[in-house]
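Student: The structure under discussion is supplied below as structure tokens; questions concerning it will follow.
2 protein chains.
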Amino acid sequence: MRDRGISSINPTRASSRRSSFSIDVILFTPRGKQLAALCVRADDPRARERWLLPSDFAASDEALETAARRIAKDACGVEPTWMEQVGAFGDGKRHPADVDLSVAFAAVVPADDAAAGRAERAWFGVSEPPALAPRQRAMLDAALAALRTRMDHAPIAFRLLPEMFTLSELQVMYELLLGKRLHKASFRRALQATSLVEATDEWRSEGRGRPAQFFRFSPRKRRGTGRGVRFDLL
Amino acid sequence: MRDRGISSINPTRASSRRSSFSIDVILFTPRGKQLAALCVRADDPRARERWLLPSDFAASDEALETAARRIAKDACGVEPTWMEQVGAFGDGKRHPADVDLSVAFAAVVPADDAAAGRAERAWFGVSEPPALAPRQRAMLDAALAALRTRMDHAPIAFRLLPEMFTLSELQVMYELLLGKRLHKASFRRALQATSLVEATDEWRSEGRGRPAQFFRFSPRKRRGTGRGVRFDLL
DNA sequence: TGACATTAGTATCGTTTAGATACTTATTCG
DNA sequence: CGAATAAGTATCTAAACGATACTAATGTCA
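One line per chain: the protein sequences are A and B, in this order. Oh and the first sequence: position 228 is 294 in our numbering, straight run, nothing missing. Oh and the second sequence: position 174 is 240 in our numbering, straight run, nothing missing.
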């Protein structure tokens, strides 16, 4: 069994029984000042689109998330450090594999792990995605949106950083994930208010400028009362 | 073709080809001071759970959302006024229909429309749900959570009210959907700030107390800059 | 060595926002 | 008429946010 599950539409895979729905993983990694998503080359040169999302079928009795982790690891070599389901996509939009339904998962891997890339795959900045089949394009867009909306409930940024990090590194990661600049003082105030990080006694040595203190993720939390509503419609 | 699609696991349905995944609809309606979800009686008396979520299979080439609307209408008689996909559920948790995968949709119908109930179905307050199969129970919980988190992006409360409504009615609807009390002055300030409603020249006549002005939904909007982050983890 | 660039981190200020409280207004009921 | 009831407003305080400017600690380079 060689090269199993690398390509999106390659039916030679681990499971004995092929389910009628695919699992597609949108794998993000920080690249430069932007997020990048992993795509794999289409085997079939007649395919209209030359790039595909990592995709496969779930084995019998294989949990959706387990399958998604396997697909992600097959695609980039390491397990993602965060993953969450985005939703199910069907609705006539064409999919490389000939399936009625595809379940999309958004996942992230740290930048260092993402570096190990073979030839048949490539990272694309999210602002310049390659031509994808319509359904996969919809899944990519939805995954990015889901990633950004879930950043305030899941420790996604922390899963992209080493265990110890400086507050500037954390802010840069937030900015990269959200795709917008953040205010330094407000960012640190909000951090302190939620007690999300704790200071260590280590300091960064390298580089110019004043040394930065290292922090670590420490999610002890108090709940907000939450008496308000947010109207963000349209 | 009689009684088609009423029961969750009844395979006598409209589509010619049975897909391998089910579509399950969690249909909410305001009932008293609480949200209620619609369940249907299990046909099979040997079933461990006596209640099921409205569920069916998608026809070939039937869009997911179209199928979900059909299932909702079959279950309660009218089309839901708002609906959104919650996600795909599998993962070994047992489902009444013997399918690997189920796609959950959250939907709402106004209280008046929901009144027309036949014997084989019932509304259950979300705080006292009936015994459901594990996967359907998970879908119900997820649907309620999704409904509440999406309230600030979708006009769900407005879809549960008549075209003209008072601000007190709107606030009560928000409180019912969110499951918590809101502050009157802040609620109205936030409404005014977003220009979500516009006043009409009609006033409520019935009832005691000072008459209330009627408003209508008018979603002209300006975008917020959104320079901040929200840390709500854990 | 000493000015300068660079990066980290803090202080201060004005503005906005949210919740609490209490008030005014307009109607029904008795 | 006066009490009850509900709608709607005003005012105050505290917290949050963004801007700006400041201090602090390091490396670079003349």
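Where a beta carbon is used, it is the ideal one built from N, C-alpha and C, also for glycine. Computed from a predicted structure; not experimentally measured.
Starting from V238/B and walking both ways along the beta strand (DSSP E), at which residues does that stretch end?
Tutor: Walking along the second sequence from the start, residue 238/B turns up at place 172. Element bounds for V238/B: not the beta strand (DSSP E) but the alpha helix (DSSP H), 233-244.
Student: Verify the contact flag: L299/A, CB atom, against every heavy atom of the ligand NAP, threshold strictly below 7 Å.
Tutor: Only the bare structure without any ligand can be found here, which leaves the ligand NAP out of the picture.
Student: Buried or exposed: H249/B, going by 16 or more other Cβ atoms within 10 Å of its Cβ?
Tutor: Taking the second sequence and counting its residues from 1, the one referred to as residue 249/B is at position 183. The residue in question, H249/B, is exposed, as its Cβ has fewer than 16 Cβ neighbours within 10 Å.
Student: Expressed to the nearest angstrom, what Euclidean distance is found between the alpha-carbon atoms of I75/B and D90/B?
Tutor: For the purposes of this step, residue 75/B is taken as the residue at position 9 of the second sequence. For the purposes of this step, residue 90/B is taken as the residue at position 24 of the second sequence. In this predicted model, I75/B has a pLDDT of only 44, less than 50, meaning its place in the structure is not dependable enough to derive any value.
Student: At the 8 Å Cβ level, is E131/A part of the contact set with chain B, yes or no?
Tutor: Stepping through the first sequence from its first residue, residue 131/A is reached at position 65. Answer yes: the Cβ-Cβ gap between E131/A and chain B drops below 8 Å somewhere.
Student: Spatial neighbours of F240/A within its chain, please: C-beta separation below 8 Å, excluding the five flanking residues on both sides.
Tutor: Reading the first sequence from its first residue, position 174 is the one you call residue 240/A. Residue identity differs from the one stated: residue 240/A is Tyr in this sequence, not Phe. Excluding positions up to five away in sequence, the list reads M217, A223, L248, F253.
Student: Taking 8 Å as the threshold (beta carbon to beta carbon), is Q151/B in contact with chain A?
Tutor: On the second sequence, residue 151/B is found 85 positions in, with the first residue counted as 1. So, interface residue.
Student: Would you decide whether A251/B is buried or exposed? Buried here means 16 or more other CB atoms lie within 10 Å of its CB.
Tutor: Taking the second sequence and counting its residues from 1, the one referred to as residue 251/B is at position 185. With fewer than 16 other Cβ atoms within 10 Å, it is exposed.
Student: Could you work out which residue in R270/A, A102/A, F87/A, R296/A is closest to P196/A when comparing CA atoms only?
Tutor: To locate residue 196/A, count along the first sequence from 1; it is residue 130. Looking at the Cα atoms, A102/A is the closest of the given residues.
Student: Helix, strand or coil: how does DSSP classify P200/B here?
Tutor: Translated into the one-based positions of the second sequence, residue 200/B becomes position 134. P200/B falls in the helix class under three-state DSSP.
Student: May I ask you to list, following chain order, the residues of the stretch 151-177 of chain A that have a beta carbon less than 7 Å from some beta carbon of chain B?
Tutor: Result list: Q151, G153, A154, G156, D157, G158, D166, L167, V169.
Student: Comparing the C-beta of R296/B with each C-beta of chain A, is any distance below 8 Å?
Tutor: The sequence position of residue 296/B within the second sequence is 230, counting from 1. Yes, because at least one Cβ of chain A sits closer than 8 Å to the Cβ of R296/B.
Student: Keeping to the same chain, check which residues put their C-beta closer than 7 Å to that of L93/B; ignore five residues upstream and five downstream.
Tutor: Locating residue 93/B in the second sequence gives position 27, where the first residue counts as 1. So the qualifying residues of the chain are A103, L104, P120, A138, A141, C142, P146, A173, V175.
Student: Can you confirm whether S252/B, when its beta carbon is compared against all beta carbons of chain A, has any partner nearer than 8 Å?
Tutor: Here residue 252/B refers to the residue found at position 186 when the second sequence is read from its first residue. It does; some Cβ of chain A falls within 8 Å.
Student: Return the chain-ordered list of same chain residues with a C-beta closer than 6 Å to the C-beta of D298/B, the five sequence neighbours on each side being excluded.
Tutor: Position 232 of the second sequence, counting from 1, holds the residue named residue 298/B. Excluding sequence neighbours, D298/B sits near nothing in its chain.
Student: DSSP three-state label for E131/A, please.
Tutor: For this step, residue 131/A is matched to residue 65 along the first sequence. Helix.
Student: Taking only beta carbons into account, state which residues of the stretch 228-257 of chain A come closer than 8 Å to chain B, listed in chain order.
Tutor: Going along the stretch 228-257 of chain A in chain order, one finds Y240, L244, K246, R247, L248, H249, S252, F253, A256, L257 with a Cβ nearer than 8 Å to chain B.
Student: Could you pull out every unbroken alpha helix (DSSP H) segment of at least 4 residues lying fully inside the stretch 209-234 of chain B, listed in chain order?
Tutor: Runs found: 222-225.
Student: Does F297/B come out as helix, strand or coil in the three-state DSSP assignment?
Tutor: Residue mapping note: residue 297/B aligns to position 231 of the second sequence, counting from 1. Looking at F297/B - three-state DSSP - the assignment turns out to be coil, as it is neither helix nor strand.
Student: Would you grab the beta carbon distance between R208/B and V169/B for me? Rounded to a whole angstrom, and I think it's under 8 Å.
Tutor: If you number the second sequence from 1, residue 208/B lands on position 142. If you number the second sequence from 1, residue 169/B lands on position 103. It should be pointed out that residue 208/B corresponds to Ala in this sequence rather than to Arg. Their Cβ separation, rounded to whole angstroms, is 12 Å, which puts A208/B and V169/B out of contact at 8 Å.
Student: Would DSSP call D109/A helix, strand or coil?
Tutor: The sequence position of residue 109/A within the first sequence is 43, counting from 1. D109/A: coil per DSSP, three-state reduction.
Student: Between the Cα of M230/B and those of T260/B, E264/B, P277/B, D166/B, spot the shortest distance and give me the residue it belongs to.
Tutor: Within the second sequence, numbered from 1, the residue matching residue 230/B stands at position 164. Out of T260/B, E264/B, P277/B, D166/B, E264/B has the C-alpha closest to the C-alpha of M230/B.
Student: If we ignore side chains and look at the alpha-carbon of each, how far apart do D166/A and A163/B end up?
Tutor: Translated into positions along the first sequence, residue 166/A becomes position 100. Translated into positions along the second sequence, residue 163/B becomes position 97. Their backbone Cα atoms lie some 19 Å apart in a straight line.
Student: If we ignore side chains and look at the alpha-carbon of each, how far apart do E131/B and G273/A end up?
Tutor: Position 65 of the second sequence holds residue 131/B. Position 207 of the first sequence holds residue 273/A. Answer to the nearest angstrom: the Cα atoms are 54 Å apart.
Student: Output yes or no for whether 8 Å exceeds the beta carbon distance between L226/A and P111/A.
Tutor: One-based indexing of the first sequence puts residue 226/A at position 160. One-based indexing of the first sequence puts residue 111/A at position 45. No; because the gap between Cβ atoms is not below 8 Å, this pair is not in contact.
Student: At 7 Å on the CB atoms, spell out the chain B contacts of D127/A, in chain order.
Tutor: In the first sequence, residue 127/A corresponds to position 61, counting from 1. The answer, in chain order, is G158.
Student: With DSSP as the reference, please indicate the residues paired to Q279/A in a beta bridge.
Tutor: Here the question's residue 279/A lines up with position 213 in the first sequence. Beta-bridge pairing links Q279/A to W269/A.
Student: Since F283/B and T232/B should fall inside the 8 Å C-beta cutoff, what is the C-beta to C-beta distance between them, to a whole number of angstroms?
Tutor: Here the question's residue 283/B lines up with position 217 in the second sequence. Here the question's residue 232/B lines up with position 166 in the second sequence. The Cβ separation is near 13 Å, so there is no contact.
Student: Looking at the structure shown, is R187/A part of a helix, part of a strand, or coil, going by DSSP?
Tutor: Your numbering for residue 187/A matches position 121 in the first sequence. Correct three-state label for R187/A: strand.
Student: Name, in chain order, the residues that DSSP records as bridge partners for G153/B.
Tutor: Taking the first residue of the second sequence as position 1, residue 153/B is located at position 87. Beta-bridge pairing links G153/B to A170/B.
Student: Between the C-alpha atoms of R278/A and A177/B, what's the straight-line distance to the nearest angstrom?
Tutor: As a first step, residue 278/A must be located in the first sequence, where it is residue number 212. As a first step, residue 177/B must be located in the second sequence, where it is residue number 111. Contrary to the premise, residue 278/A reads as Ala rather than Arg in this sequence. Whole-angstrom Cα-Cα distance: 58 Å.
Student: Could you check whether F155/A and A124/A sit closer than 8 Å to each other, using their CB atoms as the reference points?
Tutor: Looking up residue 124/A in the first sequence gives position 58. Looking up residue 155/A in the first sequence gives position 89. The answer is no: Cβ separation not under 8 Å.
Student: Does the Cβ-Cβ distance between S86/A and H161/A come in under 8 Å?
Tutor: The residue you call residue 86/A lines up with position 20 of the first sequence. The residue you call residue 161/A lines up with position 95 of the first sequence. No. Outside cutoff.
Student: List the residues that DSSP assigns as beta-bridge partners of P195/B.
Tutor: Translated into the one-based positions of the second sequence, residue 195/B becomes position 129. Beta-bridge pairing links P195/B to no other residue.
Student: In whole angstroms, give me the CA-to-CA distance for R270/A and Q237/A.
Tutor: In the first sequence, counting from the first residue as 1, residue 270/A sits at position 204. In the first sequence, counting from the first residue as 1, residue 237/A sits at position 171. If I take the Cα positions, the gap works out to 16 Å.
Student: Could you spell out where the alpha helix (DSSP H) holding T260/B opens and where it closes?
Tutor: As a first step, residue 260/B must be located in the second sequence, where it is residue number 194. Element bounds for T260/B: 250-260.
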